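Novice: Dumping the structure here so I can ask a few things about it.
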Amino acid sequence: MRLRGGALTAAAISLRGVSKRYGAQQALTEIDLEIAEGEFFCLLGPSGCGKTTTLNLIGGFVAPTTGEILIREARVDRLPPHRRPVNTVFQSYALFPHMNVRDNVAFGLKMARVPKQEAGSRIGEALALVGLDQHGDRLPGQLSGGQQQRVAVARALVNRPAVLLLDEPLGALDLKLRKRLQVELAQIHRDVGTTFVYVTHDQEEAMAMATRIAVMNEGRVEQVGLPGEIYNRPRSRFVADFIGESNFLEGGSSNGSVLMIRPESVRISTEPRDGLRGRILQTSFLGNQTRVAVACEGVDAPVLASLFGRDQAGERDLKPDQEVTLWWEPDDAVLLPESHSPQEET
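Those letters in the sequence shown? Residues 1010 to 1355, per this note's numbering, in order.
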């Protein structure tokens, strides 16, 4: 159980001490996760971090080496995929090319021997949900990549699973279409209320859609939290570096801790004041922001500042080699430990 919106919500999925080893390779180490009923939960991390392995464990495509997996409080780690209340959407769509859209969506219902009248109603609802109710007679090859992925989502949802697993479903699409389908997937999630578990390496994608995010690294969960918590209050240098851009200032503490400041929190003054003195290396106009890189004494990497709106307009005259002072509000800086023991937020 966990608090959600001020009320206790039952866990749709629980992973308890789950590890996975492939021969000599340790893919996952002691994963503990609780995903609440109705969440849009993202497993986020770089390639090889264990996020897809975690998804495959929930779906039953691989078995854990140790630990327990529960769905709606029933243990499932010894059940095959077809006996678990889950469906999966893959990046590759996995549609039957010789079947039209309606028959692709109907396939799972036929396998489950759902009565014809009920099946017809559910197919119509699923296609309307993804905006393809006028495309039922088309073959997959007659659809765009985005439309094919919508068919895959409709096929996965038509059986009304307790959990929908999505393994980088937008990875094969171009940037504009990905952004559009991010909005559509989030809306579908709100409409159906099904628990979504979504795997991605794209930080922006996770931040845009998820109600909560688990950041993974080297087979462990580094941090779990709301998107804003993950971004504004990372618990480790890895999380701070992986989610967005960060400045790291070292050497100010005897215990090896590091100060992290986001570029948008850094202010620039051309007048003398308290702060970090430096020399401008480069200014870059990026449309909605101006990015300024500053070399500061005692800091190995250039310190980045992002200027927006009036700050951006007022500082366009900043030039390379100009002496400036950098400063920030104390609440905008996060002190990170030298090392971090991955743990889930509670």
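Don't be surprised by glycine CBs; every beta carbon is placed ideally from N, CA and C. Predicted model, so just to flag it, every value in this text is computed and none were measured.
Expressed to the nearest angstrom, what Euclidean distance is found between the alpha-carbon atoms of V1267 and E1259?
Specialist: Distance from the CA atom of V1267 to the CA atom of E1259, rounded to whole angstroms, is 5 Å.
Novice: Taking only the alpha-carbon atoms, compute the straight-line gap between K1029 and T1299 and give it to the nearest angstrom.
Specialist: 45 Å
Novice: Tell me which residue opens and which closes the beta strand (DSSP E) that L1290 is part of.
Specialist: For L1290, the enclosing beta strand (DSSP E) has its first and last residue at 1285-1294.
Novice: Could you spell out the range, first to last residue, of the alpha helix (DSSP H) harbouring D1200?
Specialist: For D1200, the enclosing alpha helix (DSSP H) begins and ends at 1184-1201.
Novice: Is it the case that the Cβ atoms of V1230 and L1064 are separated by a distance below 8 Å?
Specialist: no
Novice: Looking at the structure shown, is T1063 part of a helix, part of a strand, or coil, going by DSSP?
Specialist: helix
Novice: Could you work out which residue in R1288, D1309, P1311 is closest to T1334 when comparing CA atoms only?
Specialist: R1288
Novice: Pick helix, strand or coil for Y1240, following the three-state DSSP scheme.
Specialist: helix
Novice: Could you check the C-alpha separation between L1088 and A1135 for me, to the nearest Å?
Specialist: 27 Å
Novice: For E1048, does the count of other Cβ atoms within 10 angstroms reach 16, so buried, or fall short, so exposed?
Specialist: buried
Novice: Starting from V1308, trace the beta strand (DSSP E) in both directions and tell me its first and last residue.
Specialist: Counted as a single uninterrupted DSSP element, the stretch harbouring V1308 is not any beta strand (DSSP E), since DSSP gives it neither H nor E.
Novice: Which full runs of the beta strand (DSSP E) of 3+ residues lie inside the segment 1073-1134, going along the chain?
Specialist: 1075-1080, 1095-1099
Novice: What's the gap between the Cα of V1172 and the Cα of N1241?
Specialist: 29 Å
Novice: Take the Cβ of F1317 as the centre, count every other Cβ of all protein chains shown within 10 Å, and call the residue buried at 16 or more, exposed below.
Specialist: exposed
Novice: Give the C-beta separation of F1050 and A1219 to the nearest angstrom, bearing in mind that I take them to be a contact with Cβ-Cβ under 8 Å.
Specialist: Right, the Cβ-Cβ distance comes to about 6 Å (below 8 Å), so this counts as a contact.
Novice: Could you check what DSSP says for E1231 in three-state terms: helix, strand or coil?
Specialist: strand
Novice: Less than 8 Å between the C-beta atoms of L1345 and A1223, yes or no?
Specialist: In this structure, A1223 does not lie closer than 8 Å to L1345 by Cβ.
Novice: Please state the DSSP three-state secondary structure of R1282.
Specialist: coil
Novice: From E1227 to G1057, what distance separates their C-alpha atoms?
Specialist: 7 Å
Novice: Going by CA-CA distance only, name the one from E1273, D1330, G1307 that's closest to T1279.
Specialist: D1330
Novice: Inspect the beta-carbon positions of G1284 and W1336 and report whether they are closer than 8 Å.
Specialist: yes
Novice: I believe N1109 touches D1146 by the beta-carbon criterion, under 8 Å. Please report the beta-carbon distance rounded to the nearest angstrom.
Specialist: 5 Å
Novice: Restricting to Cα atoms, I'd like to know which of P1178, P1272, L1190, G1234 is closest to T1209.
Specialist: P1178
Novice: Are the beta-carbon atoms belonging to S1255 and R1271 less than 8 Å from one another?
Specialist: yes
Novice: In or out: V1027 buried (at least 16 other Cβ within 10 Å) or exposed?
Specialist: buried
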